[in-house]
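Structure first, commentary second.
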Amino acid sequence: MDMNQYLNMFIDESNDHLQSLNEKMLQLESNPTDLGIVQVIFRSAHTLKGMAATMGFEDLASLTHQMENVLDLVRNNKLAMHEFIFDTLFKGLDALESMVQHITEGGDGKADVSSIVSSLQSIVSGDFQKSGANAATEESPSKKVDKNDSAGLVLDQFQYSVLEQSISEGHRVHYIQVTISSESQLKAARAFMVFNTLENSGEIVKAYPSVQDIEQEKFEQSFSLYYITQKEVGELEKEIAGISEIDTVSVVQLDQESLKQMSEVTAGLAETAAVQEAPVAVQPPAPSQPQSPAAASVAKPAAKAAAPTHNRTIRVDIERLDVLMNLFSELLIDRVRLEQLASEASNPALTETVEHMSRVSSDLQNVVLKLRMVPVDTVFNRFPRMVRDLAKSLDKKLDLVITGAETEMDRTVIDEIGDPLVHLLRNSVDHGIESVADRIAAGKPETGTVNLRAFHSGNNVFIEIEDDGNGINRDKVLNSAISKGILTAEQAAVMTDEEAYQVLFAPGFSTAAVISDVSGRGVGLDVVKSKITALGGNVTVHSTLGQGTNFSVQLPLTLSIIAAMMIQIGSEKYAIPLSSIVETAIVKRTQIRSVHGNKMIAFRDSHIPLISLSQLFEVPDFNEDEEEETEVVVIRKGDRLAALSVQDFLGQSEIVLKNLGKYLPNIQGISGATILGDGQVALIIDPNVFIK
């Protein structure tokens, strides 16, 4: 039986189940005694296992089966959930997602998950409790730290950042403990041989005792060190063990999580864990306690969730919807053309028929657009897990509160907005929310709050990310920008708070003192700005020092069909999106002022710049200097305004956006084109470009 015909259905269903499993696991982490949630998780995992086995993806089915064994013990009250079990199940979910992604890309879904399976089997057998979980996984190097050595193993900030960056760049970071035979008469010489062997293929970052003490034989029989290399554990153990009079060698490869764990254990920041605790020193209290940072990061809907409804729905390939939209776009262009011809023909029967067709096509337009509208929760639902893991890695406590997830946007916008929101959320968690100690010192609850909300306003959707953290330090931002050459001291001195906050979006800007996998490279917010601007949106920042920060993203509802003001300049026609227009007006030539060589006009107790589109686009058959009165369109970008001078207003119209593609190079101020009813092409103006 050929199963390929069911592959797309399998991928879609698997992604749905994995998303559900992530959401339910986060809920269970905040309420680990709720067996009702466990039952839902078990059923979803059981269904996924059956689907994978039917399709022949044995690795995926096998891993899901091992996870199912753990969940079966929990739902039958034979096993209590705690941090190690949660961490292992989450790692299993990550592995399942990678497998499904591999299948989506045409692979066979195979992956090496032996370490995860080993951990799951140890949970089922109970071995992880007997040996502190270290027998089940090698991700607990802190358990191997000699208590006598721990005081000297403390990494300073520079050493820690070097090791962390080495891991992120693909190098192997090892923690090595070496014990020299008690019968050795030349301990220092043997230690020197170990150091010499290691330095031939890597770099020693930290050793204890110090190299000087080892040279003077001021140590017992053992020493330990942090080491960067490309060699694997087995190869290093073999090389060191081959040196004469070496008694034992222990080499443990570190990842980001275990490195953080090691550094905190050796710094004395973590107490000795009980036998049953999870093998991660950087752990919050057990989930059964009132407030766990991992559990606290579960998204908390502001409104009560509605009871699930069983709608009669079908899955439709997105490409078919795109084809439908393109066909309707052509129909809309012909409708406008027919309306023009009917008005010119003065035939009552034709006019009546065209009007009826216009009403029907308008209803059809609404249906087509609604088909493409997708709730933003398709983007939001991946954030609770991301925030949970990020809070855990930063050792912070926080709640992610999501509201307005049912707000709908066009699929073309949804597809593009995910990555910018990821950067903004990571920024709020890393830079916004303070550490637990700092929050307590400031008189705040130890658990921070990040609000993620979406709502409609007019023809726009607003997405806000607001935290109750430390806020933005204006002086720190400007000083950092000056030091990086982004601003001059003179420019910074005259900036308003809002202008200073916009510096955050400058390419290469960062205030992070240490480069990490979360931040510090000056990459992130500049990508956010460029992506949102490309979508025809805008992002604003409001912050109060010591109280928090609000990032507000304004986006158009759709990028396919928009309402626009049609204007004419000479023989050329242009369209300006109505969502950017404040008002239109007629200005006499005597009302135009010149300020430092720039044209300005009075507008509501202030002066705004006047931009000539005919000069900007070099229109050959129109000279506005000969006009006594000038028609202007006042446009808005955030809180800033500007006026565009035009020749004539042609009226409002619904236009279909067409990509310029390769026909024209990137022209400043032009975002696309549309085809008018008479077949003429009109360029669509991007007002955001004209307001700096």
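Everything in the sequence shown is counted per our numbering, starting at 1 for the first residue and increasing by one. Every residue, glycine too, gets a C-beta built ideally from N, C-alpha and C. In this text the structure is predicted, and so the values were computed from the model without any measurement.
Taking the beta carbon of R320 as the centre, do at least 16 other beta carbons fall within 10 Å, making it buried, or is it exposed? Your numbering for residue 320 matches position 320 in the sequence shown. R320 comes out exposed.
For the pair the segment 43–62 and the segment 105–113, tell me if three or more CB-CB distances fall below 8 Å. yes
Between the segment 426–435 and the segment 387–402, do at least 3 Cβ pairs fall closer than 8 Å? yes
With a 10 Å radius around its C-beta and 16 neighbouring C-beta atoms as the bar for buried, classify T64 as buried or exposed. Indexing the sequence shown from 1 puts residue 64 at position 64. Result: buried.
Limits of the unbroken alpha helix (DSSP H) element including Y501: By one-based count along the sequence shown, residue 501 stands at place 501. Taken as a continuous stretch (DSSP letters only), the alpha helix (DSSP H) holding Y501 covers D497 to Q502.
Could you work out which residue in A188, T197, R382 and N200 is closest to V211 when comparing CA atoms only? Within the sequence shown, numbered from 1, the residue matching residue 211 stands at position 211. When only C-alpha atoms are compared, the closest one is A188.
Thinking C-alpha only, which one of I11, I41 and P556 is nearest L21? One-based indexing of the sequence shown puts residue 21 at position 21. It is I41 whose Cα lies nearest to the Cα of L21.
If you follow the alpha helix (DSSP H) that T412 is part of, which residue opens it and which one closes it? Here residue 412 corresponds to residue number 412 of the sequence shown, with the count starting at 1. Note, T412: alpha helix (DSSP H), R411 to N427.
On the DSSP bridge assignment, give the partners of K588 in chain order. One-based indexing of the sequence shown puts residue 588 at position 588. K588 is bridged by DSSP to E629.
Is it the case that the Cβ atoms of K573 and A682 are separated by a distance below 7 Å? The sequence position of residue 573 within the sequence shown is 573, counting from 1. The sequence position of residue 682 within the sequence shown is 682, counting from 1. Result yes, Cβ atoms of K573 and A682 sit closer than 7 Å.
Please report how far the alpha carbon of I192 lies from the alpha carbon of L198, in whole angstroms. Position 192 of the sequence shown, counting from 1, holds the residue named residue 192. Position 198 of the sequence shown, counting from 1, holds the residue named residue 198. First, the amino acid is wrong: residue 192 is Phe here, not Ile. Taking the straight line from one Cα to the other gives about 10 Å.
Close-in-space but distant-in-sequence residues of the same chain around V173 (CB under 6 Å, 5 per side omitted): As a working mapping, residue 173 is identified with position 173 in the sequence shown. These residues qualify, in order along the chain: L163, S166, I167, I228 and L254.
Buried or exposed (CB count within 10 angstroms, at least 16 for buried), D468: To locate residue 468, count along the sequence shown from 1; it is residue 468. It is buried - the Cβ of D468 has at least 16 other Cβ atoms within 10 Å.
Under a three-way DSSP split, which group does S530 fall into? What you label residue 530 is simply residue 530 of the sequence shown in a count that begins at 1. In this structure, S530 counts as helix in the three-state DSSP scheme.
Indicate whether P443 and L545 have their beta-carbon atoms separated by less than 7 Å. Counted from its first residue, the sequence shown places residue 443 at position 443. Counted from its first residue, the sequence shown places residue 545 at position 545. Looking at the sequence shown, residue 443 is not Pro but Gly. For G443 and L545, no; Cβs fall outside 7 Å.
With a CB to CB cut of under 6 Å and the five nearest residues on each side skipped, what residues in its chain are close to L236? Taking the sequence shown and counting its residues from 1, one reaches residue 236 at position 236. Same-chain partners within the cutoff: V251.
Expressed to the nearest angstrom, what Euclidean distance is found between the alpha-carbon atoms of E406 and I482? Along the sequence shown, read from residue 1 onward, the residue named residue 406 stands at position 406. Along the sequence shown, read from residue 1 onward, the residue named residue 482 stands at position 482. Those two C-alpha atoms are separated by around 42 Å.
According to the Cβ coordinates, are L694 and V74 closer than 7 Å? Residue 694 lies beyond the range of the chain shown here (1 to 692); nothing can be said about it.
Determine, using beta-carbon pairs with one atom in the segment 88–101 and one in the segment 110–123, whether at least three such pairs fall under 8 Å. yes
Counting pairs of beta carbons, one from the segment 612–622 and one from the segment 546–563, are three or more of them closer than 8 Å? no
7 Å Cβ cutoff, R190 in contact with chain B: Absent from the structure is chain B; it holds one protein chain and no more.
What is the C-beta distance between V450 and S428, in whole angstroms, given that I count them as a contact (C-beta under 8 Å)? For the purposes of this step, residue 450 is taken as residue 450 along the sequence shown, with counting starting at 1. For the purposes of this step, residue 428 is taken as residue 428 along the sequence shown, with counting starting at 1. V450 to S428, Cβ: 5 Å. Contact.
C-beta contact flag for M99 and L60 at 7 Å: Locating residue 99 in the sequence shown gives position 99, counting from the first residue. Locating residue 60 in the sequence shown gives position 60, counting from the first residue. Cβ atoms of M99 and L60: closer than 7 Å.
For Q66, which residues of its own chain have a beta-carbon under 6 Å away from its beta-carbon, when the five flanking residues on both sides are left out? What you label residue 66 is simply residue 66 of the sequence shown in a count that begins at 1. Cβ contact annotation for Q66 (same chain, cutoff 6 Å, sequence separation greater than five): V117 and L120, in chain order.
Taking Cβ positions, are V503 and I532 nearer each other than 7 Å? Start at 1 with the first residue of the sequence shown, and residue 503 comes out as number 503. Start at 1 with the first residue of the sequence shown, and residue 532 comes out as number 532. Cβ distance not < 7 Å, so V503 and I532 don't count as in contact.
Contacting residues, own chain, Cβ-Cβ under 6 Å from V587 (five flanking each side not counted): Within the sequence shown, the letter at position 587 stands for residue 587. Excluding sequence neighbours, V587 sits near I601, T630 and V632.
Residue range of the unbroken alpha helix (DSSP H) whose run includes E239: On the sequence shown, position 239 is the one that residue 239 refers to. Segment V233 to A241, the alpha helix (DSSP H) holding E239.
Please look up how many angstroms separate the CB atoms of V354 and A342, rounded, as I've assumed it's under 8 Å. Reading the sequence shown from its first residue, position 354 is the one you call residue 354. Reading the sequence shown from its first residue, position 342 is the one you call residue 342. Rounded, the Cβ-Cβ distance is 4 Å, consistent with contact.
Among residues of its own chain, excluding the 5 on either side of L350, which ones have a beta-carbon nearer than 7 Å to its beta-carbon? Here residue 350 refers to the residue found at position 350 when the sequence shown is read from its first residue. Excluding residues within five positions, the ones whose Cβ falls inside 7 Å are A342.
Under the rule that 16 or more other beta-carbon atoms within 10 Å means buried, what is E23, buried or exposed? Mapped onto the sequence shown, residue 23 falls at position 23. With 16 or more other Cβ atoms within 10 Å, it is buried.
Under 7 Å between C-beta atoms of F622 and I569: Position 622 of the sequence shown holds residue 622. Position 569 of the sequence shown holds residue 569. Their beta carbons are under 7 Å apart, which means F622 touches I569 by this criterion.
DSSP-derived helix/strand/coil call for I604: Locating residue 604 in the sequence shown gives position 604, where the first residue counts as 1. Here residue 604 is Arg; the residue named in the question, Ile, does not match the sequence. Coil.
Considering only C-alpha positions, which residue in the set A534, Q216, P209 and V367 is nearest to Y226? Looking up residue 226 in the sequence shown gives position 226. If we check each option's Cα against that of Y226, P209 comes out closest.
Decide if the segment 43–51 is in contact with the segment 10–19; the criterion is three or more beta carbon pairs, one per stretch, under 8 Å apart. yes
How would you call D625, buried or exposed, if buried means at least 16 neighbouring beta carbons within 10 angstroms? Numbered from 1 along the sequence shown, position 625 holds the residue referred to as residue 625. Exposed, because fewer than 16 other Cβ atoms sit within 10 Å of the Cβ of D625.
What is the DSSP secondary structure of N451, counted as helix, strand or coil? Start at 1 with the first residue of the sequence shown, and residue 451 comes out as number 451. Strand at N451.
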